Structure formats: C-alpha cells, structure tokens
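Below: one structure, written as structure tokens.
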Amino acid sequence: MPVVLYTDPAWVIGPDGAVDCDRADVEREVYGTDIQMRFGPYRDGAFDVSGDAFLGALRGADAVAIYRAQITQEVVDLLKPGCRVVARQGVGTDNLNAGLLERHGILGFHVPDYCVDEVSSHTVAMLLALERKLIAQDGLVKEGRWSIHAGGVPRRTGDLSVGIVGFGRIGRATSRKLQPLYRRVLAYDPYVHDDLMRGYGVQGRPSLAELFFDADAVVLHAPLDDSTRHMINDMSLRPLRRGALLVNTARGGLVQPEAVLERLRDGRLGGYGSDVFTPENPCDHPVNKEILTSPHTVVTAHRAFLSDASERSQRLRVAEEIRRVLLTGRPPLFGRLA
C-alpha cells in the first residue's frame with residue numbers, strides 16, 4: 000500500500016496541543032483503504048522539519064506533503080527512488096525546490112489559488128487597520144485613555160494612491176477590493192503586461208522605484224525567489240513617500256527587516272503590517288522583534304490564508320492530487336511545477 004507522509008501539518012494539532020489523527024477526516028475520505036497516511040515527528044509543541052527524526056520519517060514514503068519543511072538535496076536523497084510526488088500544502092514554491100525535484104524525476108505541485116479571497120481580504124484589513132490607526136486606538140481606549148486624536152489622525156484614502164507589488168491571482172483580487180477605497184490603484188510586476196493591468200482598472204508602473212515614488216501605501220504579493228529576496232531594502236525604500244504604509248502578506252524573505260526598522264524610526268514608513276517574517280516567528284529574530292515594539296505596526300502569525308473553507312479546500316485538493324499520482328500514474332491536474 001502506498002504511503003503518504005505529512006511532514007508538518009498544522010491542521011492535525013488538536014486544542015490540547017497534541018497530534019490528533021482523528022482530525023485527518025478529509026484525507027481519510029480521499030485515501031480510503033488504498034493509501035496509508037502518517038505524520039512527521041512532533042515534540043515540544045512543534046513538528047521537526049530538520050534533524051535525524053525528520054529525515055528518518057521520510058524513508059519509505061511514496062508521496063510527501065510539506066507545509067513549512069524544506070526540500071533539500073539531503074531530503075531528496077532519502078526519498079529516492081520510491082517517492083513519486085511532493086506536494087506543498089499552500090501557495091508558493093520557494094520551499095519545494097522545483098529544479099531539484101525535476102532533476103530527480105519527482106513530481107511537485109502546490110495549491111496556488113485556494114486562498115485568493117482570504118489573503119486579499121487580510122491584506123486590505125491590515126492596510127485599513129494602519130490607515131485608521133485602529134491598533135493604537137484599541138489599546139488606548141482599553142487602557143482607559145479616551146481621546147479622539149490619540150494615536151494620530153488618519154488620512155483620507157480616497158485622496159491617495161496604493162501600489163501592488165506582484166500582480167498575480169492575489170494581487171488582482173486585492174486590486175478589486177482596494178479600488179473603492181483609494182483614488183488610484185497602481186501595480187508593478189515585470190511578468191505582467193500593462194494591458195492586463197488596465198483590464199483590471201489598474202495603472203502599471205515599469206519599476207519598483209516608480210511605484211514607490213507614486214504610492215502612498217504599498218502591498219506585497221510577489222513570489223519569493225532569488226530575484227525578489229530582500230527586494231524591500233534600504234535602497235528600494237528611498238523613493239517612498241514620507242509616511243507611506245507597507246503591508247506584506249506574501250513572504251518574509253521579500254523584506255530586509257533592518258531597512259524596515261530604520262524607516263519606521265525615521266518616519267519614512269508611517270506604518271508596517273506583516274503576516275510573514277523570516278524566521279517564521281518574529282520573536283526569534285532580534286530586528287523583527289524590535290519591529291514588533293513600534294506603535295506603527297500590525298502583525299499576524301502567517302494566517303492570511305486561513306478560513307474554515309480555505310483550509311478544507313487545500314487539504315482536499317492536496318489529497319486528491321496525491322491519490323491521482325499514486326493510483327493512476329498521471330501527473331497533478333492543478334498547480335504542477337513547470
């Protein structure tokens with residue numbers, strides 16, 4: 000019987016903080032008695048995604064579903080020759096190592112469109128929380144400090160321009176949600192033609208610098224690869240309008256935290272919202288931890304994708320595609336790596 004290893008599935012952790020196999024109801028329904036399922040090593044409240052226990056769990060797997068775990072040469076060496084497919088339970092391929100999988104004849108796929116509505120809505124929510132100074136006001140009122148003007152006076156968004164970096168599925172959905180709120184919606188994406196942007200009522204900009212020069216707020220929806228890593232840095236932030244807002248719901252690696260912290264300190268950034276950090280928990284990085292102390296930030300724990308419907312859809316689609324590969328030999332229908 001084929002074996003599927005789920006290395007680090009957050010959804011299998013119960014309210015008591017322990018692995019609860021009964022929560023794998025979606026997967027059992029898809030796999031039935033045809034495919035065996037197991038989970039990676041879990042201890043001290045977290046899955047091991049490296050080390051001997053993690054590597055040992057990979058042996059004998061015909062398929063692997065990863066969440067935050069990284070596909071490395073060491074991992075692939077253990078998966079060969081039996082593993083036929085690796086799935087990422089989420090959007091993005093930066094931890095799938097597509098080239099490495101392809102060189103060793105292992106299929107790979109992700110689920111690029113299961114949470115478009117959730118991430119775009121989360122992005123707009125973070126941006127509006129910054130615009131309307133909601134976090135500052137919430138804290139002050141709860142402390143008994145009632146003041147209309149405390150925390151700063153908001154801007155009128157209808158007079159402002161907002162820029163989107165990355166105009167893929169989520170960037171396009173975000174543009175639709177921002178258009179009723181801002182005077183202009185701009186976008187920069189070197190892989191999307193200006194004609195398509197215009198079809199969405201968005202004005203394209205040919206460079207990141209020109210987008211920053213024209214925008215009062217910027218949201219990030221770019222993928223993470225070698226060309227975009229730390230694309231938000233001290234140099235790229237220089238054209239940004241003073242007091243502009245920045246929101247990142249894409250990947251933590253897009254942003255150089257030292258540059259963000261410095262721009263928050265000098266007021267070039269009027270506010271920073273982020274759902275993603277590198278490393279995953281910002282408290283594990285000294286600069287990110289300091290960013291959290293700024294009164295001009297709003298942060299969440301990498302959950303922009305999350306809703307009851309999106310999580311169930313992602314799990315279902317991953318299981319269906321793995322079943323397709325293992326039982327029919329055909330490649331995934333959706334999200335296959337090029």
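Just so we're aligned, residue 0 is where the sequence shown starts under numbering that gives the first Met the number 0, counting upward by one. Glycine included, C-beta positions come from ideal geometry on N, C-alpha and C. Predicted, not measured: the structure shown is a model, and the values here were computed from it.
Between the CA atoms of residue j and residue i - distance to the nearest angstrom
{"i": "Gln35", "j": "Pro1", "result": "6 Å"}
{"i": "Lys176", "j": "Gly91", "result": "22 Å"}
{"i": "Gly165", "j": "Val191", "result": "9 Å"}
{"i": "Gln202", "j": "Leu159", "result": "14 Å"}
{"i": "His229", "j": "Leu223", "result": "9 Å"}
{"i": "Val123", "j": "Arg168", "result": "15 Å"}
{"i": "Lys340", "j": "Gln313", "result": "Because residue 340 is not part of the residues shown, which for the chain are 0 to 337, the question remains open."}
{"i": "Ser306", "j": "Gly107", "result": "25 Å"}
{"i": "Leu332", "j": "Arg316", "result": "10 Å"}
{"i": "Ser49", "j": "Glu279", "result": "15 Å"}
{"i": "Gly170", "j": "Asp21", "result": "36 Å"}
{"i": "Gly263", "j": "Pro285", "result": "In the sequence under discussion, the amino acid at residue 263 is Leu, which differs from the Gly named in the question. For Leu263 and Pro285, the distance between alpha carbons rounds to 16 Å."}
{"i": "Met125", "j": "Pro14", "result": "27 Å"}
{"i": "Leu95", "j": "Arg83", "result": "14 Å"}
{"i": "Pro294", "j": "Glu257", "result": "17 Å"}
{"i": "Ser206", "j": "Glu101", "result": "32 Å"}
{"i": "Gly157", "j": "Lys132", "result": "16 Å"}
{"i": "Cys282", "j": "Asp33", "result": "43 Å"}
{"i": "Arg322", "j": "Val3", "result": "9 Å"}
{"i": "Met196", "j": "Gly81", "result": "44 Å"}
{"i": "His148", "j": "Arg154", "result": "12 Å"}
{"i": "Leu260", "j": "Arg27", "result": "46 Å"}
{"i": "Ala186", "j": "Ala303", "result": "21 Å"}
{"i": "Ser120", "j": "Leu245", "result": "16 Å"}
{"i": "Gly138", "j": "Lys288", "result": "19 Å"}
{"i": "Arg204", "j": "Asp265", "result": "26 Å"}
{"i": "Gly44", "j": "Thr327", "result": "37 Å"}
{"i": "Gly31", "j": "Asp7", "result": "21 Å"}
{"i": "Gln72", "j": "Tyr181", "result": "46 Å"}
{"i": "Asp194", "j": "Ile105", "result": "37 Å"}
{"i": "Thr292", "j": "Ala300", "result": "16 Å"}
Identified DSSP bridge partners for residue i
{"i": "Ser273", "result": "Asn247 and Val298"}
{"i": "Ala214", "result": "None; Ala214 has no bridge partner."}
{"i": "Arg42", "result": "Ala45"}
{"i": "Ser160", "result": "Arg183"}
{"i": "Ala62", "result": "Val3 and Val84"}
{"i": "Gly107", "result": "Val85"}
{"i": "Ile290", "result": "Answer by DSSP bridge pairing: none, since Ile290 is not bridged."}
{"i": "Gln202", "result": "Leu185"}
{"i": "Leu268", "result": "Ala243"}
{"i": "Leu219", "result": "Val164 and Asn247"}
{"i": "Gln35", "result": "Val2"}
Classification of residue i by the beta-carbon crowding that lies within 10 angstroms, buried from 16 upward
{"i": "Cys114", "result": "buried"}
{"i": "Arg42", "result": "exposed"}
{"i": "Glu130", "result": "buried"}
{"i": "Lys141", "result": "exposed"}
{"i": "Arg329", "result": "exposed"}
{"i": "Ala56", "result": "buried"}
{"i": "Asp47", "result": "buried"}
{"i": "Ser226", "result": "exposed"}
{"i": "Ala405", "result": "Look at the range of the chain in this structure, 0 to 337, and you will see that residue 405 is not part of it."}
{"i": "Thr296", "result": "buried"}
Cβ pair residue i, residue j closer than 8 Å
{"i": "Ala62", "j": "Leu239", "result": "no"}
{"i": "Thr173", "j": "Val218", "result": "yes"}
{"i": "Ala128", "j": "Gly151", "result": "no"}
{"i": "Ala208", "j": "Ala243", "result": "no"}
{"i": "Leu99", "j": "Val75", "result": "yes"}
{"i": "Leu210", "j": "Gly270", "result": "no"}
{"i": "Val29", "j": "Arg311", "result": "no"}
{"i": "Tyr66", "j": "Ala23", "result": "no"}
{"i": "Leu268", "j": "Ala221", "result": "no"}
{"i": "Glu117", "j": "Ser309", "result": "yes"}
Contacting residues, own chain, Cβ-Cβ under 6 Å from residue i (five flanking each side not counted)
{"i": "Pro111", "result": "Val90 and Gly334"}
{"i": "Arg250", "result": "Leu223 and Val275"}
{"i": "Ala64", "result": "Tyr5, Ala86, Gln88 and Val317"}
{"i": "Ser273", "result": "Asn247 and Val298"}
{"i": "His109", "result": "Arg87, Thr92 and Gly334"}
{"i": "Tyr199", "result": "Arg171 and Ser174"}
{"i": "Asp188", "result": "Gly165 and Phe166"}
{"i": "Gln69", "result": "Asn94"}
Close beta carbons around residue i, own chain, < 7 Å, minus the five adjacent residues each side
{"i": "Arg183", "result": "Ser160 and Gln202"}
{"i": "Arg58", "result": "Leu77"}
{"i": "His103", "result": "Val75 and Lys79"}
{"i": "Glu319", "result": "Val29"}
is_contact[residue i, chain D] using C-beta, thresh 8 Å
{"i": "Val298", "result": "Within the model displayed, chain D is absent; a lone protein chain is all it includes."}
Chain-order list of residues whose beta-carbon lies under 8 Å from that of residue i (same chain, five-residue window excluded)
{"i": "Gln255", "result": "His229, Ile231, Asn232 and Asp233"}
{"i": "Val11", "result": "Tyr5, Val18, Asp19, Cys20, Arg22, Ala23 and Phe38"}
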